[in-house]
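Input: a single structure, listed below in structure tokens.
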Amino acid sequence: MNKLTPSSRLASTLLITAILCSGSVFAQKQPDVQDGNLKANTVKIDGDAKDWQSPLKAFNKSTGLAYSVANDDKKLYVVMQASDINTTRKIMMGGITFSINADGKKRTKEVLSLTYPAITQTSRRAAMGGGGRRSFGSFQQMTQEQRDSMQHAMMQKQLDLAKDIKVFGFKGVADSSVSVYNEYSIKAVAKLSKDGVYTYELCIPLELIPDGISDSFGYNIKVNGLEMRNFGGGGNFGGNRGGGGGFGGGAPGGGGMRGGFNFQDMMTPTDFWGKYTLAK
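Listed below in structure tokens is the structure:
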């Protein structure tokens with residue numbers, strides 16, 4: 010066997026280091042909050058990020074979401090992606106709330122918000138097939154691969170059943186829930202890929218944003234998590250604009266799921282603020 014000379018060892022070490030670091034260097038280029046605006050071309054709201062520039066404009070560590078915000082002359086678009094299983098579990102417990110205020114400051118009142126998916130106990134049980142203790146018993150007998158497959162199927166079914174969007178503050182729209190097939194052109198669609206990447210797209214017509222919001226505004230993205238007071242389904246509007254009721258996509262006995270399961274984390278909302286100026 011040929012022996013490596015000191016110079017060849019050094020070259021090999023540098024090459025390996027460069028390969029290992031290339032991913033982290035790329036990640037470091039992704040800001041925590043999107044910097045600047047983005048003019049949208051043709052964006053189809055279908056839960057697929059193929060219409061967006063890759064990589065997405067930012068990766069927010071506190072929420073575990075990669076995202077981009079863009080607009081055209083008539084609409085505001087947002088895409089978000091989560092690849093971590095616990096982030097997706099949390100989303101499936103209470104949805105994601107996107108809200109707008111005048112300046113992006115926490116103390117400034119939000120004037121508009123959209124929450125999707127609107128999770129309820131009914132939709133959760135339907136996704137589980139009404140399982141209860143019987144589902145838990147069978148879950149305990151499964152292999153890890155079977156558990157992962159079951160969890161993926163439950164989450165996907167729950168998304169298929171998510172037909173409502175919670176809205177607050179939209180001009181000319183009652184503060185309640187609207188169908189995903191609503192007449193206001195408010196759109197929200199999420200999909201879960203085979204490899205577990207959660208992609209969510211939303212669209213808000215600019216004409217529905219309340220008066221008093223200029224071309225520059227603040228936005229908040231919140232992963233709501235589980236709200237115990239809403240566990241029986243339904244949800245509050247107005248003062249409590251984030252989150253839905255119901256225990257989402259995580260399978261029974263979550264502690265055994267791949268990636269671990271911290272119930273306290275699932276009940277603690279995570280969010281961040283950013284500022285956006287409409288692209289002309």
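So for the sequence shown, the numbering used here puts the first residue at 10; every next one is plus one. Here a beta-carbon is modelled for each residue, glycine too, at the ideal position from N, C-alpha and C. Fair warning: this is a prediction, and the values are worked out from it, not measured in the lab.
- As computed with DSSP, residue 214 is found in a beta bridge with 84.
- Contact between residue 77 and residue 66 holds: their C-beta atoms lie close to 4 Å from each other, under 8 Å.
- A Cβ-Cβ separation of about 17 Å leaves residue 186 out of contact with residue 169 under the 8 Å criterion.
- In terms of Cβ geometry, residue 103 and residue 125 do not form a close pair [threshold 7 Å].
- Between residue 213 and residue 195, the beta carbon gap of about 6 Å places them in contact (Cβ cut-off 8 Å).
- Under the three-state reduction of DSSP, residue 223 is assigned to coil, being neither helix nor strand.
- DSSP places residue 95 inside the alpha helix (DSSP H), whose first and last residues are 94-103.
- In chain order, 60, 86 place their CB closer than 6 Å to the CB of residue 52, counting only its own chain and leaving out the 5 sequence neighbours on each side.
- For residue 186, the three-state secondary structure derived from DSSP is strand.
- Taken through DSSP and simplified to helix, strand or coil, residue 276 comes out as coil.
- Residue range 196-201 is occupied by the beta strand (DSSP E) that includes residue 199, with no alpha helix (DSSP H) assigned at that position.
- Restricting attention to 55, 151, 181, the CA atom closest to the CA of residue 197 is found in 55.
- For residue 162, no beta strand (DSSP E) segment is defined; the enclosing uninterrupted segment is the alpha helix (DSSP H) at 153-170.
- Taking C-beta atoms under 8 Å as the contact rule, residue 73 and residue 106 fail to qualify, at a distance of about 15 Å.
- For residue 210, the closest alpha carbon among the candidates 99, 227, 70, 189 is that of 189.
- Less than 7 Å separates the beta-carbon of residue 286 from that of residue 224.
- Contact between residue 282 and residue 113 holds, since their C-beta atoms are separated by about 5 Å, short of 8 Å.
- Counting along the chain, the unbroken beta strand (DSSP E) around residue 173 starts and ends at 173-177.
- Ranked by how close their Cα comes to the Cα of residue 79, the residues 184, 98, 47 have 47 in first place.
- Residue 286 carries a strand assignment under DSSP once its states are collapsed to helix, strand and coil.
- Judged by DSSP in its simplified three-state form, residue 147 adopts helix.
- The C-beta separation of residue 75 from residue 64 comes to about 7 Å, placing the pair in contact by the 8 Å criterion.
- With 16 or more other Cβ atoms inside 10 Å of its own Cβ, residue 90 counts as buried.
- The residue from 122, 152, 203 with its alpha-carbon nearest to that of residue 162 is 203.
- A direct Cα-Cα distance of roughly 46 Å separates residue 182 from residue 151.
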